[in-house]
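These protein sequence lines are chains F and E, in that order. Going by the numbering used here, the first residue of the first sequence is number 1, and it counts up by one from there. Going by the numbering used here, the first residue of the second sequence is number 1, and it counts up by one from there. The beta carbon of each residue, even a glycine, is placed where N, CA and C say it ideally should be. So the structure is just underneath, and the comments pick up after that.
There are 2 protein chains.
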Amino acid sequence: MQFYMPTELITGEGCVTGNAQKLARYGKRCLIVTGGSAAARSGALQDVEEALRSQEISFTHYAGIEQNPTLASCEEGGRLAYEAGADFVLGIGGGSPLDAAKAISVFAANPGMTEQVFYSAEWDHAPLPIVLIGTTAGTGSEVTSVSVLTDSKGKKHSIHDRRIYAALAMSDARYTMTLPRAATLSTGIDALCHCIESYFSRKADPFSRLFSVRGIRLGLPVLQQVADASPDSMPTLQQRETLYQVSIFGGMAINPTGTVFPHNVGYYLTERYRIPHGFACATFLPELLTHVKEQAPALCGAFYEACGTSEEELVNLAKKVVPVQGIRLSEDEIRTALPRWENNGTVRNTVGTVTTEQIAEMLRKGF
Amino acid sequence: MQFYMPTELITGEGCVTGNAQKLARYGKRCLIVTGGSAAARSGALQDVEEALRSQEISFTHYAGIEQNPTLASCEEGGRLAYEAGADFVLGIGGGSPLDAAKAISVFAANPGMTEQVFYSAEWDHAPLPIVLIGTTAGTGSEVTSVSVLTDSKGKKHSIHDRRIYAALAMSDARYTMTLPRAATLSTGIDALCHCIESYFSRKADPFSRLFSVRGIRLGLPVLQQVADASPDSMPTLQQRETLYQVSIFGGMAINPTGTVFPHNVGYYLTERYRIPHGFACATFLPELLTHVKEQAPALCGAFYEACGTSEEELVNLAKKVVPVQGIRLSEDEIRTALPRWENNGTVRNTVGTVTTEQIAEMLRKGF
C-alpha cells in the first residue's frame with residue numbers, strides 16, 4: 001500500500017478569495033495560464049486576480065492553451081514565465097490548462113529545454129510551484145502528478161512525475177456553473193472512468209480502491225440524473241458539487257494506479273476524430289467491463305458489490321451518455337494504429353491480459 | 001472540504017530495506033530517535049541501520065524517549081541532532097518516539113529555543129525533514145502533523161503544525177509482531193477511537209469521514225477477535241496488518257478534524273494514573289456515544305449505518321478491552337481538574353455542546 005499526494009486541496013464556495021493569503025507563500029510574481037475564454041466566463045479568473053492583488057502579487061496572463069494542449073504551447077508559456085520572472089504558475093480551467101500549467105512550470109525553470117529532455121524527466125531544475133483552480137469536474141488534475149500533452153507528432157502522451165503535483169489546488173464548484181450539460185456529461189464520465197479504471201489497475205490498493213468506490217457511489221446517481229435531463233437543461237449547483245467531489249476522488253484513485261486501456265485507446269479517438277476526452281474513454285468502458293468479467297470474475301464481483309451497481313447499469317449509462325458519431329474505421333486504419341498498443345504501459349496495467357487483437361475488435365465496432 | 005497530507009507513505013513487508021534509496025533524498029547524516037529497546041526488539045532498528053548504511057548515510061542514535069515523551073527529552077534530542085550536524089531525523093517506535101522525532105526536528109533546526117517559543121510555533125527555521133518508522137498500530141503519527149508531548153509542568157499537550165508532517169513514513173506490520181496482546185489492544189483501540197472521534201468532530205468532512213468509516217469497518221472485527229482471544233495469545237500478522245491500516249486511516253481522519261473530548265479527558269487519566277493512552281481514551285467512548293445520540297441523532301444514525309455497527313457493539317468492545325483499574329476520583333480531585341476543560345479546543349470540537357458538568361459526571365463514575 002502506498003500513498004503520496006502532497007497537494008493542499010481546498011474546496012467550497014468562496015475558497016479562492018477566502019484563502020488568498022496562501023498564495024503569498026509561493027512568491028511575488030505569477031504566470032496565470034488559461035485557455036481562451038472559459039476562465040473569465042466561469043468567474044474564476046476575476047477571483048484569482050482579486051486574490052493576487054490582495055497579496056500584492058503581480059501577474060502576467062497567458063491565454064494560449066488549446067483543447068488537448070500541445071507541448072509547443074507549454075514551451076511558449078514557459079518562456080513567458082521565465083521572461084516575466086514568475087515565481088509560480090497558476091492554471092485556471094479544465095484538464096487542458098491545468099495539465100499545461102504543470103508542463104509550463106517545468107519549462108519555466110528549465111529555459112531552452114528540448115522536447116526529448118522534457119519527456120525524459122531529467123530536468124536540471126525543479127519546476128516552479130504550481131497552483132491550480134479547476135473550472136470543470138472531470139480531470140482530477142488538481143490532485144494528480146499527471147500531465148497529458150500532445151507532442152510535436154500530434155500524439156497524446158501522459159507524463160507522471162512527483163515534482164508536478166500542485167502545491168495548492170482550490171476548487172469552487174460555482175466555476176463549473178457555466179459549463180453546458182454536454183460538457184458536464186463528458187467531464188463527469190471522465191471522472192467516473194478514472195474511478196472505474198483505477199479499480200481494475202494492477203497497481204490498485206486499499207487506498208486507491210477506497211477513492212474509486214466512493215467516487216462511483218457519489219457520481220453514478222448524479223450522472224444518471226444529468227443524462228436523463230433534457231438536452232438544454234443545466235445541472236444544478238448541488239449536482240456540480242457532487243461531480244466535483246467525484247473528480248477529486250477519481251484523481252486520488254488514479255494517482256498511484258494510472259488508468260487502464262479505455263483511456264489510452266480513447267486518446268486515439270480524440271487525436272483522430274476530435275471526440276471529447278470523456279466520451280472517448282467511456283466508449284471503451286463496456287469493453288473493459290466485459291474484459292474484467294471474463295478475466296477477473298472475483299474482483300469484478302467485489303467491485304459491483306462495493307459500488308452498489310451492476311455491469312448493466314454502467315454499460316447503459318455509457319451508451320446513454322456517449323453521442324453516436326457514425327464513425328467506422330477501415331481495416332487499414334486499424335492495422336496502422338495497432339502498434340501503438342503493443343507493449344503499451346497503460347494497456348498492460350489492466351488486470352488480466354489485453355491483446356492488440358482485442359483492441360482491434362473494439363475499434364472495428366465503430367462509434 | 002479540504003485535504004492536506006504531504007507525507008509519502010509506503011507500507012508492506014520489506015518496505016524499509018526495499019526503499020532505502022529514498023532516504024538519500026534527505027541528506028548524509030541522520031539522528032535516529034527511539035525509546036528504550038522496542039526499536040531493536042521489533043527488528044525495525046536493524047532494517048533502518050542496514051538501509052542507512054546502504055546509502056552511506058551516517059547516523060547517531062538517541063534512545064532517550066520515554067512513554068508520553070517530555071519536552072525536555074525532545075530538547076535534548078534536538079541538541080544531539082544539532083551537534084551531530086544531522087540533515088534529517090528518523091523516528092522508530094510507537095506514538096512516543098514518533099511524536100518526539102517531530103519535536104526534535106524542530107529543536108534541531110532552532111537550537112536554544114525556549115518551551116514558550118516551541119509551543120507558539122513561531123520558529124525561526126523550518127524543522128529538519130522527518131522520516132518515521134512505526135512499530136505499533138495505533139497512533140497514526142506517521143500521517144499526522146500532530147505531536148503530543150508532556151510539558152515541563154507534567155501536562156500533555158498536542159501541537160499541530162503543517163511543518164511537522166513526516167516527509168516519508170514506512171510501515172511494515174512485521175515490526176508490530178513483538179507487541180503483546182494487551183499493548184496491541186491498547187494501541188488498536190486508540191486507532192479505532194481516532195476514527196470514531198473524528199467522525200463526531202465539528203470539522204469532519206467527506207474526506208475525513210471516508211477514512212473514519214473505512215477504519216472502523218476494517219478494525220472492528222479484528223479488535224473483537226483479539227479482545228476475545230486468550231490473554232496470553234499473540235495476534236497474527238494478518239490481524240496486525242489490518243490494524244496497521246486502521247491506524248493509518250485513523251491518522252488520515254484526525255488530520256483535518258482533530259480528536260474530540262474522550263482523547264482530551266483521557267490525557268488526564270494517563271498523566272495522573274498512568275493508564276495507557278488507548279485505554280484512557282476508550283474509557284470515555286461510551287460517554288461520547290451517549291452524547292452524540294442525544295445531541296446529534298441524525299448524524300449518529302448515519303454513522304452506525306455507514307460503519308455497519310451499533311452503539312451496543314462499540315460500548316461492549318470498549319468495556320471488554322479496557323481493564324478495570326478500581327480507581328475512584330474524589331470530588332476535590334474532580335473540582336481541581338475541571339478548569340482544564342473549560343473552553344478547551346478539543347472538547348469544543350465535539351458536535352453538540354459538552355459541559356464541564358458532563359465531564360465531572362464521567363469522572364465520578366470511576367475506572
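Q) For TYR244(F), which of LEU269(F), GLY95(F), ILE57(F) has the nearest alpha-carbon? A) GLY95(F)
Q | Test item: CB-CB of GLY77(F) and THR144(F) under 8 Å | A | no
Q. Which residues, taken in chain order from the region 8-22 of chain F, show a beta carbon closer than 8 Å to some beta carbon of chain E?
A. GLU8, LEU9, ILE10, THR11, GLY12
Q.
So, does the region 270-288 of chain E touch the region 40-52 of chain E, judging by three or more C-beta pairs under 8 Å?
A. no
**Q.** Limits of the beta strand (DSSP E) - the one that ARG29(E) falls within
**A.** 29-33
**Q.** Contacting positions in the region 234-259 of chain E - beta carbon closer than 7 Å to chain F
**A.** GLN245
Q. Rounded to whole angstroms, how far is the Cβ of CYS195(E) from the Cβ of LEU285(E), which I believe are closer than 8 Å?
A. Wrong, their Cβ atoms sit about 11 Å apart, outside the cutoff.
Q) Going by beta carbon distance, what residues of the same chain come within less than 8 Å of GLU241(E), once the five residues before and after it are set aside? A) ALA173
Q) Measuring CA to CA, which of THR114(E), GLU56(E), ASN316(E) is closest to TYR26(E)? A) GLU56(E)
Q: Would you decide whether TYR273(F) is buried or exposed? Buried here means 16 or more other CB atoms lie within 10 Å of its CB.
A: exposed
**Q.** Unbroken stretches of the alpha helix (DSSP H), 4 residues or longer, contained in the region 251-318 of chain F
**A.** 261-273, 277-283, 285-295, 297-307
Q: For LEU289(E), collect the residues of the same chain with a Cβ closer than 7 Å to its Cβ; drop the 5 residues on either side in sequence, then sort them by chain order.
A: GLU311, LEU314, VAL315
Q. What do you reckon, are the CB atoms on ALA2(E) and ASP205(E) nearer than 8 Å?
A. First, the amino acid is wrong: residue 2(E) is Gln here, not Ala. Contact flag set, yes.
(Q) Assuming ALA169(F) and GLY93(F) are in contact, meaning their beta carbons sit under 8 Å apart, how far apart are those beta carbons, in whole angstroms? (A) Going by Cβ atoms, the distance from ALA169(F) to GLY93(F) rounds to 12 Å, so no, they are not a contact pair.
Q. Contact between the region 102-120 of chain E and the region 219-230 of chain E: three or more CB pairs below 8 Å?
A. no
Q. Given 8 Å as the limit, is there contact between the region 321-329 of chain F and the region 15-22 of chain E, that is, 3 or more CB pairs closer than that?
A. no
Q | Coarse secondary structure for LYS320(E), derived from DSSP in three states | A | helix
Q) Do we get a CB-CB distance below 8 Å when we pair PRO6(E) with the residues of chain F? A) yes
Q: For THR283(E), I'd like the list of residues in its chain whose CB is within less than 7 Å of its CB, leaving aside the five on either flank, ordered along the chain.
A: GLY266, LEU269, VAL322, PHE367
**Q.** Cα-Cα separation, PHE303(F) to ILE65(E)
**A.** 45 Å
Q: Can you grab the Cα-Cα spacing for the pair LEU128(E) / CYS30(E), in whole Å?
A: 10 Å
Q.
Considering only the alpha carbon of each residue, which of LYS102(E), VAL246(E), ARG340(E), ARG217(E) lies closest to ALA306(F)?
A. ARG217(E)
Q) Across which residues does DSSP place VAL146(F) in a beta bridge pair? A) HIS160(F)
Q.
Closest to GLU342(F) by C-alpha separation, out of GLN358(F), VAL351(F), SER330(F), would be which residue?
A. GLN358(F)
Q) Should MET1(E) be flagged as near chain F, meaning a C-beta pair shorter than 8 Å? A) yes
Q) Which residue comes first and which comes last in the alpha helix (DSSP H) that contains ALA191(E)? A) 181-199
Q. Is the beta carbon of SER198(E) sitting closer than 8 Å to the one on THR257(E)?
A. yes
Q: For LEU210(F), decide whether its Cβ has a neighbour in chain E, counting only Cβ atoms nearer than 8 Å.
A: yes
Q | Neighbour-count burial assignment, THR368(F), 16 or more Cβ in a 10 Å radius | A | Nothing about residue 368(F) can be reported from this structure: the residues present for chain F run from 1 to 367 only.
Q.
Using a Cβ-Cβ distance cut-off of 8 Å, determine whether PRO129(F) contacts chain E.
A. no
**Q.** Top-ranked residue by Cα proximity to GLY138(F), from SER171(F), ARG162(F), HIS160(F), ALA167(F)
**A.** SER171(F)
Q) Under the rule that 16 or more other beta-carbon atoms within 10 Å means buried, what is GLY35(E), buried or exposed? A) buried
Q: Using three-state DSSP, classify LEU406(E) as helix, strand or coil.
A: In this structure chain E extends from 1 to 367, so residue 406(E) is not present and cannot be described.
Q. Got a sec, what are the start and stop residues for the alpha helix (DSSP H) MET362(F) sits in?
A. 356-364
Q. Is the CB-CB distance between GLU271(E) and LYS155(E) below 8 Å?
A. yes
**Q.** chain E contact for ARG214(F) (CB, 8 Å cutoff)
**A.** yes
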